[in-house]
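Going by the numbering used here, the first residue of the sequence shown is number 764, and it counts up by one from there.
First the structure, in the form of structure tokens, and then the observations on it.
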Amino acid sequence: MSSFQSRTTVTAALPFGVAATSETSIGRFEILGLIGEGGMGRVYLARDPRLQRHVAIKVILDEHACDPVRERIFEDEARLPSELIHPNLCIIFDAGRERDRPYIVMEFVRGLSLRHHIVGDDDQPGLGVGRALDIGRDIADALRFMHTHGLVHRDLKPSNVMITTDGRAKVLDFGLARL
């Protein structure tokens, strides 16, 4: 099966916040849906058939695929934090290229962004003080760990922090991180 193939239907129910997509595969990974899109890339929910687990795959946007500076920044996002394993950091599993487009395979974090929790909605009115302190502690632990290993995030914001379904904060999106 070639990479970046198109499909018109999704065969399984998608988790909250994941949209249907025409992509079907990237490398060995089966694309299940689109999680989101940022300034540098699209993030897909995918299934790793070899390890039988869900992963998130970030693929550089087409308009940046031929820009060597943006490609280097994108590839640094995978390389720089790849050896950092911490409960409050999104784990990078792999990186590769398909049809001259780099991609990053990372942990699929089940939950919602800190931005969503701050804004709240009708069912969830936002964060209480105690919960905000717990989340702040998790983020501080992640940043301390990164700094101990010589890495600075440089783009910390509520949309780059996920709150897992068990309540833990996870820092992600290392696109601007530097040693």
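Even glycine gets a Cβ: it sits at the ideal position worked out from N, Cα and C.
Grouping DSSP H, G and I as helix and E and B as strand, with all else coil, what is residue i?
i    : result
G893 : helix
T774 : Note on T774: pLDDT 38, under 50, position unreliable in the model; the coordinate value appears next. Three-state result, T774: coil.
V872 : coil
H912 : coil
S922 : helix
G899 : helix
A819 : strand
R917 : coil
Buried or exposed: residue i, going by 16 or more other Cβ atoms within 10 Å of its Cβ?
i    : result
E846 : exposed
E786 : buried
I820 : buried
G804 : buried
Hey, could you find the ends of the beta strand (DSSP E) residue i is sitting in?
i    : result
D811 : 804-811
D857 : 855-861
E840 : No beta strand (DSSP E) holds E840; the alpha helix (DSSP H) holding it covers 831-842.
I797 : First, the amino acid is wrong: residue 797 is Leu here, not Ile. 792-800 is the span of the beta strand (DSSP E), which, as asked, contains L797.
A932 : 932-934
At a cut of 8 Å, does the stretch 823-843 reach the stretch 900-908 through at least three beta carbon pairs?
no
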